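Chemist: All residue numbers for the sequence shown refer to UniProt numbering, where the first residue is 1 and numbers rise by one.
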Amino acid sequence: KQGQITIGGKGLDGKATDYVDIISRATELNGKIQANTLSLTQGANRISLKDGTVNSLAGEGAKPQLAIDTKALGGMYANKIRLVATEDGVGVNLKELTSDQRDITLNVNGKIELGNAKAKTDLNIIGKEIYIAPNITVQAERDITLANTTLENKGSVTAGRDMRVFGDTVRNTGDKALLQANDNLWIQKDAQGNKGQLVENRSAMIKTVKGDLVVRTHELNNARSLYFFEERETTPNPADKNFNILEAQHKHGHNLKSMQPSVLTSGGNIYINSDILSNQELSKIEAEKDIFLTGKKLLNTSRISEEASGYFNLFEYFPKDTYVSITDSLNTPAGIYKLSSNKLLEKINTYHQWDDKSYHILPPGEVKYDIKKDNLILERASIIAKGNLIADFSDSINIDTDYPHKSPPSSDFYYDLPASSEKLPEILSAKNILLHGGEITLKDKINAANDLNIISESDITLKNSTLSAPNNLSMAAVNNINIWQSDIKGKDITAISRHGDILFHNGDQFGYLWRQHSTNDHPVSNKLDAVGNLTINSGKNLLLQNVYLQPSKNISLIANNDVTVENHADTYNFAKSKTANSHNAPISGILNALESLTIHAGNNISAKGSDISAGKDISLIAAKDIDLSAAELEYKNHILPQDSTELSSKITAKNNISIMSGGDINGKAVQIQANGNTLLSAGRNITLPSLAYSVINPANDNNKDDQHIIAQIRGDKKLTMAANGTLTTAGAKLTSDGDVTLSSGGNMRFESVQNHTYREGNREFTESVTQQGTELTSGGILTVISTGSILFQATKLAAKGAMDVAAQGGYLYAQAMEESSHYEKTETTRKWYGKKKTIKHTCHDVTNKVTEFTAGGDINLLSRDDSTYEASKIATNQNAKLTSTHGQVNFKAVNNSTFAQTITHSKGFYIKQTDKGYTENTWVLPAIHLGGKLTVEAANGVSADIKAKNGQSLHNAVSVFGNTPETAWLKGLNERQDVQWNLEPIPKGIVILYNILERIISEGIESMANNKWRLSDELWGKMAPLIPEHKTQHPLGTHRKRVDNRAAMDAIFFVLRTGCQWNALNATGICSSSSAHRRFQEWRDAGVFERFWQNGLLACKHLAIIDWSWLSLDGCMTKSPLAGTKKQVVTPQTGGNKA
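#1: On the three-state DSSP scale, how would you describe Asp18?
#2: Please report the straight-line C-alpha distance between Ala614 and Asn655, rounded to a whole angstrom.
#3: Please state whether DSSP places Gln1081 in a helix, a strand or coil.
#4: Measure the alpha-carbon distance for Lys608 versus Cys843 and round it to whole angstroms.
#5: Report the three-state DSSP secondary structure of Arg1057 (helix, strand or coil).
#6: Under 8 angstroms, do Asn398 and Leu298 count as touching if we go by C-beta distance?
#7: With 16 other CB atoms within 10 Å as the buried threshold, where does Thr1058 fall?
#8: Taking the C-alpha atoms as reference points, what is the distance between Asn592 and Leu727?
#9: Under 8 angstroms, Cβ to Cβ, is there at least one residue of chain D near His822?
#10: Do you know offhand how far Ala133's Cα is from Leu38's?
#11: Does the beta-carbon of Glu60 have 16 or more other beta-carbons within 10 angstroms, so that it is buried, or is it exposed?
#12: Looking at the strands, I want to know which residues DSSP matches up with Met475.
#13: Tell me Glu819's beta-bridge partners as DSSP assigns them.
#14: Should Ala880 and Leu934 be called a contact, given that it needs their Cβ atoms to be closer than 8 angstroms?
#15: Determine contact between the segment 884-891 and the segment 837-854, defined as no fewer than three beta-carbon pairs at a distance below 8 angstroms.
#16: Look at the alpha carbon of Asn1063 and the alpha carbon of Thr847, and state the distance between them as a whole number of angstroms.
#17: What would DSSP say about Glu760, mapped onto helix, strand or coil?
#18: To the nearest angstrom, how far is the alpha carbon of Ile590 from that of Ser658?
#19: Taking the straight line between their C-alpha atoms, what separation do you get for Lys733 and Gly941?
#20: Return the residue from the list Thr898, Glu937, Val936, Gly932 that minimises the CA-CA distance to Trp923.
#21: Using a Cβ-Cβ cut-off of 6 angstroms (strictly less than) and excluding sequence neighbours within five positions of Thr158, which residues of its own chain qualify?
#22: Would you please state the rounded distance, in angstroms, between the beta carbons of Ile285 and Ile383? I believe it to be under 8 angstroms.
#23: Assuming contact is defined by CB atoms lying nearer than 8 angstroms, are Leu424 and Leu389 in contact in what I supplied?
#24: Within a Cβ cutoff of 8 angstroms, which residues of the same chain sit near Ala67, ignoring the five residues on either side of it in sequence?
#25: When you compare only the Cα positions, how much space is there between Thr494 and Ile536?
#26: Determine the DSSP secondary structure at Gln1094, reduced to helix, strand or coil.
#27: Taking just the CA atoms, how far does Leu123 sit from Leu83?
#28: If the criterion is Cβ atoms closer than 8 angstroms, does the pair Thr854 and Ala875 meet it?
#29: Which same chain residues end up closer than 6 angstroms to Thr770 when comparing Cβ atoms and leaving out the 5 residues on each side of it in sequence?
#30: Is it the case that the Cβ atoms of Trp1093 and Ile1027 are separated by a distance below 8 angstroms?
#31: Which residue or residues does DSSP assign as beta-bridge partners of Asn55?
#32: Compute the Euclidean distance between the alpha carbons of Ile790 and Ala631, then round it to the nearest angstrom.
#33: In the DSSP assignment, what residue or residues form a beta bridge with Ile285?
#34: I'd like the list of long-range same chain contacts for Phe393, defined as Cβ closer than 8 angstroms, with 5 residues on each side in sequence excluded.
#35: Just mark Asp51 as buried or exposed, buried being the case when its beta carbon has 16 or more other beta carbons within 10 Å.
#36: Could you give the first and the last residue of the continuous alpha helix (DSSP H) run that contains Leu1019?
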């Protein structure tokens, strides 16, 4: 119960005996004990002499401070050492323990302060608390077992075989601290594998050379130690010739010194089961084989700082206990905190690294922090396995790296950008990586040699991450997947969200806008690189915002709600620029599949400004709307005019393209091309508008060139477009080498767009408006069917096969669209005597661009209500049939006009001369060229514009039409009651021949291709006798030879047949325009053309092939517009319209 044994400085040598037993309540060692077998029993005990059992007793008096106290020169040396200290709370201070042959066993009911110890075989230590000081070495050639409530190691503990550390709290702290086993190492609460409370490895190492490392605890911190220093200026030293440097200013922030990183390393596998596992800056967890991590929370925290050059003051730095670095716990996030009264006062967010070797004294006496500008300081924690890495945490996995920001040059309204992880070493690396947890956040580089799989029971968030795996890379989340500025590489990439969104965000969370042409860096966005298959399946919405996609074998994008491929033109248009992108920056929004590409949406698909291509098939399917419009510009001055076409969406496939929506399809300026079949199917409307843009800078007020980028859709083998609602185009091109089939449940509108140019300068200006109509081109059969009405505005329809156009529920209107040009020029001249003359030339032309129907096979044009053809051209080598089942068939004429005028002002003599100007109106009528039969069927008759000579009988004018094979259907028309005419008188009365009947004289006028519109000898022989002899009226005769009559007639028929202006004759070489126009007026007044027409019709009267029984014509009187009037006079409605 009492008693203390003291070993003096000379020690105790008991090697002469088999064993040495020391039994006392306390022992003090001032010298060495040497023995073969050494046993120490300490405390108030009852010991049995029979079996050696020890029973604790209540001691008398005060407890000793230490059961064994080893002084500086003390120690124990034996073949085997056994120590038992039973008194509760009484520890031991042990130093220099050495067993030469066998094991060392220590069992203490208090704290053990362990000095150097070496066991030949095993080392077994049991105590409430074990403390191993720095520079202490504890070693066993076989196994080590440390069983305690708390272990604090700052020394080196190594085992030749296995090591077992049992306890609630294990702290391995300091750059000298080491827990190492050659084979396996266990750190847990007890032998049964229960969890301890805390394992902290701070600026230290826990290691196995070739075995496994197993840790089971509620909290594991693998972190470096941080020591803060207060800011206190050193008192100047007069003996220091450089003491004046102390007057420099100190840079803002808290300076600190960092110790070495912590390492958990294993030559075999690592198994860690920790509710909270925190791996902090610069620390490592690495294994030669596999790593298995499991628990509730995993935090891998890193920091990348960016230091610029700066000037610092020299300070004395004293370690303080007023700062502390902690890792994440259940209640406190990781960080550096200032303490006050042992409580957390505030968190320190701004600090700078301090290294004693990082400064030097410059000759002027300044102290410069010796780090280059923009140098990155990497403080990254890592988990590396040469085998597999599996992390399974029920709450969260957070691979968190704090990145610095850098500003691009000239960043006026563009904000900072983060540094990229792309070129940095990976922080998670293994052959195969599996991350499974609740919420998963990744902000750094992760690389797998084979497969990388990320599975979340909640959300997955990637920010500035790089994920790479040469085989499979998959991400699966129950809820959302959010990705910012990340680079994802793999052979097959799969992202699946069961109930949430998958959103690839633009980098504007970090930098808002980015001036791409100011830097060679990539824009702040995401990159997807799948060499094999790319599969993204979202339970709600899928967003690809400014994503750079490398070509993949197959691409599949599926969402239960919306799929959006969004490209911010203001951040990527520079990359698309063929002229300014000198460094070939990548282009976002390009989806390129070497085989097939599929986009399916439960609601809408939006792919504005995207570039979609496939080596085989493309399928876009949406339950609601599909928007394939051009990209929208917020800052239009950032786009170069020649690059405007790059804003269009482009879809190309080497096989087939299928675009199907339950709602609308909007393809503003879309470009679609398939080497096979192209199908567009909409449950509502198909709309193909054009995109207006200016070729010239819009800020230029003197010049304008407004053009349109049109939609172009092509299927080499077949093109099919079907809309349950309306189908509308604006200047679009719809083409196929095979059949083209267009159908709609509502109306069809094939609209024209106006291009406008304006030039001004040097006292002249020109202005023109041109029409860009829709083109429907088929290499096979062209079919256009609408259950409503059809409007063609200056549309070109062409088919090598048959053409079927049907407006089954409304009208068919082939509208001609006006084109105009205007020119004004002012010239000033001055004579030698001072007279100044100003001449102003004005010219204005208005022409009509008409709708054309051209086919190699039959043409069938049908409408339920009226069919109206404004100067339309219908041409086929076969038959043509025009039908109105409930209305009329209307042939309308349009007016082309030319106005020219010169006004002269002369100053000095005050003379003004203004000519009346030249005005010409030319009526353009429908033209039909047939190789077969023309059939016109109309429930309410036929209405036609006709030009009649003044005073000519309507009966005579119409009757002559019925005597040719092409016009036999007019025979007897004047006897019918339902015939209506639109009569148009012409001054001085010439009857302009119907272009629709131009083949009446085809025997006399040979084709343009063969004889350039000149009259044949046979036709001239019939016309020459009708021309009156010319008599010169001038008393002195003429000085020039009169133009030959035949040449003048060639010129007149050239104008009538081509519809060109008279002034165009000057370029033909036939004769001058003035001569031809005067001769035309003379012969018109003389009735030459009327007599020729009558003779020709009488000559073919015997053919009698016109059936008058079914034909009617509608006619009315209208006046031509006055000179200079742009708008045509509206044709008055006739009574025939009510039939």
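Beta carbons: idealized from backbone N, C-alpha and C, even for Gly.
Being a predicted model, the structure only gives us computed values, none of them experimental.
Modeler: With the given structure in hand:
#1: Taking the sequence shown and counting its residues from 1, one reaches residue 18 at position 18. Under the three-state reduction of DSSP output, Asp18 falls in the strand class.
#2: Start at 1 with the first residue of the sequence shown, and residue 614 comes out as number 614. Start at 1 with the first residue of the sequence shown, and residue 655 comes out as number 655. If I take the Cα positions, the gap works out to 8 angstroms.
#3: Here the question's residue 1081 lines up with position 1081 in the sequence shown. Of the three classes helix, strand and coil, the one that applies to Gln1081 here is helix, per DSSP.
#4: In the sequence shown, the residue the question calls residue 608 occupies position 608. In the sequence shown, the residue the question calls residue 843 occupies position 843. Straight-line Cα distance between these residues: approximately 43 angstroms.
#5: Along the sequence shown, one-based indexing puts residue 1057 at 1057. Helix, per DSSP.
#6: In the sequence shown, residue 398 corresponds to position 398, counting from 1. In the sequence shown, residue 298 corresponds to position 298, counting from 1. Yes, Cβ-Cβ distance for Asn398 and Leu298 is below 8 angstroms.
#7: Sequence index remark: in the sequence shown, residue 1058 carries index 1058 (1-based). In this structure Thr1058 is exposed. Its beta-carbon is surrounded by fewer than 16 other beta-carbon atoms within 10 angstroms.
#8: The count along the sequence shown starts at 1 and reaches residue 592 at position 592. The count along the sequence shown starts at 1 and reaches residue 727 at position 727. If you take the alpha carbons of Asn592 and Leu727, they lie about 29 angstroms apart.
#9: Looking at the structure shown, chain D is missing, and only one protein chain is on hand.
#10: Stepping through the sequence shown from its first residue, residue 133 is reached at position 133. Stepping through the sequence shown from its first residue, residue 38 is reached at position 38. Taking the straight line from one Cα to the other gives about 24 angstroms.
#11: Translated into positions along the sequence shown, residue 60 becomes position 60. By the 10 Å Cβ count, Glu60 comes out exposed.
#12: Reading the sequence shown from its first residue, position 475 is the one you call residue 475. Answer by DSSP bridge pairing, in chain order: Ile454, Ala495.
#13: Here residue 819 is taken as the residue at index 819 of the sequence shown, counted from 1. Answer by DSSP bridge pairing, in chain order: Thr847.
#14: For the purposes of this step, residue 880 is taken as the residue at position 880 of the sequence shown. For the purposes of this step, residue 934 is taken as the residue at position 934 of the sequence shown. Less than 8 angstroms separates the beta-carbon of Ala880 from that of Leu934.
#15: no
#16: The residue you call residue 1063 lines up with position 1063 of the sequence shown. The residue you call residue 847 lines up with position 847 of the sequence shown. Whole-angstrom Cα-Cα distance: 15 angstroms.
#17: Residue mapping note: residue 760 aligns to position 760 of the sequence shown, counting from 1. DSSP places Glu760 within a strand segment (E or B) once states are collapsed to three.
#18: Here residue 590 is taken as the residue at index 590 of the sequence shown, counted from 1. Here residue 658 is taken as the residue at index 658 of the sequence shown, counted from 1. In a straight line, the C-alpha of Ile590 is about 18 angstroms away from that of Ser658.
#19: Taking the first residue of the sequence shown as 1, we reach residue 733 at position 733. Taking the first residue of the sequence shown as 1, we reach residue 941 at position 941. Their backbone Cα atoms lie some 34 angstroms apart in a straight line.
#20: As a first step, residue 923 is located in the sequence shown; it is residue number 923 there, counting from the start. Out of Thr898, Glu937, Val936, Gly932, Thr898 has the C-alpha closest to the C-alpha of Trp923.
#21: Position 158 of the sequence shown, counted from the first residue, corresponds to residue 158. Answer for Thr158: Gln139, Gln180, listed in chain order.
#22: In the sequence shown, counting from the first residue as 1, residue 285 sits at position 285. In the sequence shown, counting from the first residue as 1, residue 383 sits at position 383. At roughly 5 angstroms, the Cβ-Cβ gap stays under 8 angstroms, so Ile285 and Ile383 are in contact.
#23: For the purposes of this step, residue 424 is taken as residue 424 along the sequence shown, with counting starting at 1. For the purposes of this step, residue 389 is taken as residue 389 along the sequence shown, with counting starting at 1. Not a contact, by the Cβ cut-off of 8 angstroms.
#24: Start at 1 with the first residue of the sequence shown, and residue 67 comes out as number 67. Excluding positions up to five away in sequence, the list reads Arg25, Ala26, Thr27, Gln42, Gly43, Ala85, Glu87, Val90, Gly91, Val92, Val108, Gly110.
#25: Sequence index remark: in the sequence shown, residue 494 carries index 494 (1-based). Sequence index remark: in the sequence shown, residue 536 carries index 536 (1-based). Taking the straight line joining both Cα atoms gives about 6 angstroms.
#26: Here the question's residue 1094 lines up with position 1094 in the sequence shown. Residue state, collapsed to three classes: helix.
#27: Here the question's residue 83 lines up with position 83 in the sequence shown. Here the question's residue 123 lines up with position 123 in the sequence shown. If I take the Cα positions, the gap works out to 12 angstroms.
#28: As a working note, residue 854 is residue 854 in the sequence shown. As a working note, residue 875 is residue 875 in the sequence shown. Taking 8 angstroms as the Cβ cut-off, Thr854 and Ala875 qualify as a contacting pair.
#29: Sequence index remark: in the sequence shown, residue 770 carries index 770 (1-based). Counting only Cβ-Cβ distances below 6 angstroms, and skipping sequence neighbours, we find Asn755, Glu819.
#30: Here residue 1093 is taken as the residue at index 1093 of the sequence shown, counted from 1. Here residue 1027 is taken as the residue at index 1027 of the sequence shown, counted from 1. Not a contact, by the Cβ cut-off of 8 angstroms.
#31: Here residue 55 refers to the residue found at position 55 of the sequence shown. Answer by DSSP bridge pairing, in chain order: Arg46.
#32: Locating residue 790 in the sequence shown gives position 790, counting from the first residue. Locating residue 631 in the sequence shown gives position 631, counting from the first residue. Roughly 30 angstroms between the two C-alpha positions.
#33: For this step, residue 285 is matched to residue 285 along the sequence shown. The partner list for Ile285 (beta bridge, DSSP) reads Leu264, Ile383.
#34: Sequence index remark: in the sequence shown, residue 393 carries index 393 (1-based). Within the same chain, Phe393 has close Cβ partners Leu277, Leu293, Thr294, Gly295, Lys296, Lys297, Leu298, His436, Gly437, Gly438.
#35: Your numbering for residue 51 matches position 51 in the sequence shown. Asp51 counts as exposed, since fewer than 16 other C-beta atoms from the protein chains shown sit within 10 angstroms of its C-beta.
#36: By 1-based counting over the sequence shown, the position of residue 1019 is 1019. Segment 1017-1023, the alpha helix (DSSP H) holding Leu1019.
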